[in-house]
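Below is one structure, written out as structure tokens; the observations come after it.
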Ligand code: M6R
């Protein structure tokens, strides 16, 4: 959620790389930021509330020349966004710490450290780490060893980077439950919570494992694992480039990412094809033998990824003839679920770092070390992919806007491919049917392109919503998760209260909300449930509700004064959800822009939710 960057440079230019890194990490947390560097054996720290731009303004007032520094962009968990609570946290003008995650035993540690004479100046859980490291450092004057001792006392999740004014060529880092990578430069080294922060300097990374503590110096690093043993972690070359993280000619990353969708979907489909047919090995070398054995599917995810899972159930159950459950990770992990042999556990995550999703994966593995695990993820080197037996990578490219768009459509494509593979292996989908579906799937990028062409029409619709405070989204069948996703997009970036409902549920409660002030958006392709949906929409009109219907060119829905119909491209029922979500994303985007909201960095949210 927060972002960490650090550098051990050969010259005194740590500051620019720290600022560049912070700018690229800002999407992860943006309520305050700060930097600590070592200059002439002095620890200098600058912090500011607000966006990284505020910190840059402050830093521009002076000249900073340090070789070693750490920096942080914060998403508040403990304590309000303020300069005091911003990181780095300093102990005794000597030790500086930046931290992602949550220290669960911080209250006990605070009491202990206070009894040892340490004075606290923030409300954060992080400050205990700086004092704890200082305590051990004062005993033996070795930063690496002090951090190793300090982390043994922490419970919770953390990625930390620590510097000390007396260790002028060194950063010590530790990871437990929060991502951290070491970037390898020429005669210099870097560290970050996300490789993308360091792409201007290197594409060679070492991904730390949980329990690792590393001593990073200019000429290399020493890594100890959770047992304290020195270990070698092989460097990995990242495929990401600095261009992948640039905004191009767009106004916002979200806008760019919506327009990336035809290409992202195409790449995702192509990555699974071999000689014109879908190759089950795209899910991993052992996919065939695993898929053959399974008798049910359990999908686990959060937010948008959960909506993709909900949609997949409408494909997997009828086409692959498998019972399929879909759960929100934060609920699944605490509801004492029954574990059954023969279940394929599917974890869906754009980032592969979502704390609740990872906790569920750990729980499933603990309960049954032989569980069949498949992760659908957009980040090749993420924690989730590294923990999973089978992996399918979505090829969305880097997603920076907090509101997930291209990750969702590529997740849907992956789940449809999964359905086809399960159906093929279980012989519930004939090869003729598989060929027909594959042929349709290959037309998807064009269909999404056509949906994107609705952009100006949707922008013209946005003023009708700009002063609304509430909105309902309705769908039936597989379009219900699309309604949920449309509502999530609108609420997270425009702050209009939006709810997605199964249209058939309307008269069981939410219909009471409908009057002439309540806009109702309906996702209405001409599918097998179109007639049923039409009756539900009549119930809305009968109460004077204003309807905005996203429909097929041959829709049977009648237009009247209170009904606006937005016609989408003709698309097969099976693929409709992947196309129909696109105008809902664009619409939410225009409403948010018109309301003057920060589309890429909505308040209170962060891109990757690495804390519980
Ligand atoms: O990285 P993940 O897919 O695991 O993230 C899950 C959710 O946090 C994420 O989808 C969130 O709901 C998005 N902001 C929605 O746009």
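In the numbering used here, the protein residues as written are -19 to 592. Ideal placement from N, C-alpha and C gives every residue a C-beta, glycine not left out.
Distance between beta carbons of residue j and residue i, contact taken as under 8 Å
{"i": "residue 238", "j": "residue 558", "result": "In fact, because the Cβ distance is near 13 Å, the residues do not count as touching under 8 Å."}
{"i": "residue 68", "j": "residue 25", "result": "6 Å"}
{"i": "residue 220", "j": "residue 186", "result": "That belief does not hold up - the Cβ atoms of residue 220 and residue 186 are roughly 15 Å apart, past 8 Å."}
{"i": "residue 101", "j": "residue 248", "result": "With 8 Å as the limit, residue 101 and residue 248 do not qualify as a contact, their Cβ atoms being about 48 Å apart."}
{"i": "residue 483", "j": "residue 470", "result": "Not confirmed; about 17 Å, so no contact."}
{"i": "residue 137", "j": "residue 335", "result": "7 Å"}
{"i": "residue 370", "j": "residue 270", "result": "6 Å"}
{"i": "residue 587", "j": "residue 382", "result": "5 Å"}
{"i": "residue 457", "j": "residue 507", "result": "7 Å"}
{"i": "residue 363", "j": "residue 338", "result": "6 Å"}
{"i": "residue 31", "j": "residue 176", "result": "In fact, because the Cβ distance is near 18 Å, the residues do not count as touching under 8 Å."}
Neighbourhood of residue i by C-beta, 8 Å cutoff - its chain only, sequence neighbours within 5 removed
{"i": "residue 230", "result": "236 and 239"}
{"i": "residue 251", "result": "262, 373 and 375"}
{"i": "residue 202", "result": "124, 194, 195 and 210"}
{"i": "residue 613", "result": "This structure does not reach residue 613, given that the chain is present from -19 up to 592, and the question cannot be answered."}
{"i": "residue 576", "result": "none"}
{"i": "residue 215", "result": "164, 184, 185 and 186"}
{"i": "residue 384", "result": "283, 284, 285 and 330"}
{"i": "residue -5", "result": "15, 17, 39, 44, 45, 46 and 49"}
{"i": "residue 420", "result": "552, 554 and 555"}
{"i": "residue 345", "result": "351, 353 and 367"}
{"i": "residue 149", "result": "-12, 47, 48, 197 and 198"}
Contacts around residue i, its chain only, beta-carbon distance under 7 Å, and the 5 residues preceding and following it disregarded
{"i": "residue 144", "result": "74, 75, 117 and 123"}
{"i": "residue 585", "result": "382 and 472"}
{"i": "residue 301", "result": "406 and 408"}
6 Å CB neighbourhood of residue i in its chain, flanking five on each side removed
{"i": "residue 556", "result": "505"}
{"i": "residue 275", "result": "322"}
{"i": "residue 516", "result": "483 and 486"}
{"i": "residue 442", "result": "570, 571 and 574"}
{"i": "residue 12", "result": "29, 54, 61 and 66"}
{"i": "residue 430", "result": "549"}
{"i": "residue 490", "result": "481"}
{"i": "residue 367", "result": "341"}
{"i": "residue 85", "result": "135"}
Enclosing alpha helix (DSSP H) for residue i [first to last residue]
{"i": "residue 530", "result": "Here residue 530 belongs to no alpha helix (DSSP H); instead the beta strand (DSSP E) covers 526 to 531."}
{"i": "residue 285", "result": "283 to 300"}
{"i": "residue 570", "result": "556 to 574"}
{"i": "residue 247", "result": "241 to 251"}
{"i": "residue 313", "result": "Per DSSP, residue 313 belongs to no alpha helix (DSSP H) and is neither H nor E."}
{"i": "residue 441", "result": "435 to 441"}
{"i": "residue 424", "result": "424 to 432"}
{"i": "residue 514", "result": "510 to 522"}
{"i": "residue 12", "result": "Taken as a continuous stretch (DSSP letters only), residue 12 belongs to no alpha helix (DSSP H), being part of the beta strand (DSSP E) at 12 to 19."}
{"i": "residue 351", "result": "Neither: residue 351 is in no alpha helix (DSSP H) and is coded neither H nor E."}
{"i": "residue 3", "result": "-6 to 5"}
{"i": "residue 597", "result": "Not covered by the structure: residue 597. The range shown for the chain is -19 to 592."}
{"i": "residue 128", "result": "123 to 132"}
Limits of the beta strand (DSSP E) - the one that residue i falls within
{"i": "residue 204", "result": "200 to 204"}
{"i": "residue 69", "result": "69 to 71"}
{"i": "residue 139", "result": "136 to 144"}
{"i": "residue 169", "result": "169 to 172"}
{"i": "residue 305", "result": "304 to 308"}
{"i": "residue 391", "result": "Premise fails: residue 391 lies in the alpha helix (DSSP H), 386 to 405, not in any beta strand (DSSP E)."}
{"i": "residue 195", "result": "193 to 197"}
{"i": "residue 187", "result": "184 to 187"}
{"i": "residue 150", "result": "150 to 156"}
{"i": "residue 162", "result": "161 to 164"}
{"i": "residue 544", "result": "543 to 547"}
{"i": "residue -16", "result": "-17 to -12"}
{"i": "residue 479", "result": "477 to 482"}
{"i": "residue 225", "result": "Here residue 225 belongs to no beta strand (DSSP E), and DSSP marks it neither H nor E."}
Local Cβ density within 10 Å of residue i, reported as buried at 16 or more and exposed below that
{"i": "residue 322", "result": "exposed"}
{"i": "residue 314", "result": "exposed"}
{"i": "residue 391", "result": "buried"}
{"i": "residue 333", "result": "buried"}
{"i": "residue 207", "result": "exposed"}
{"i": "residue 319", "result": "exposed"}
{"i": "residue 224", "result": "exposed"}
{"i": "residue 88", "result": "exposed"}
{"i": "residue 522", "result": "exposed"}
{"i": "residue 10", "result": "buried"}
{"i": "residue 525", "result": "buried"}
{"i": "residue 600", "result": "The structure shown does not extend to residue 600, since the chain spans only -19 to 592, so no value can be given for it."}
{"i": "residue 255", "result": "exposed"}
Any non-hydrogen atom of the ligand NAP closer than 7 Å to residue i Cβ
{"i": "residue 588", "result": "Looking for the ligand NAP in the displayed structure turns up nothing; the ligands present are the ligand M6R."}
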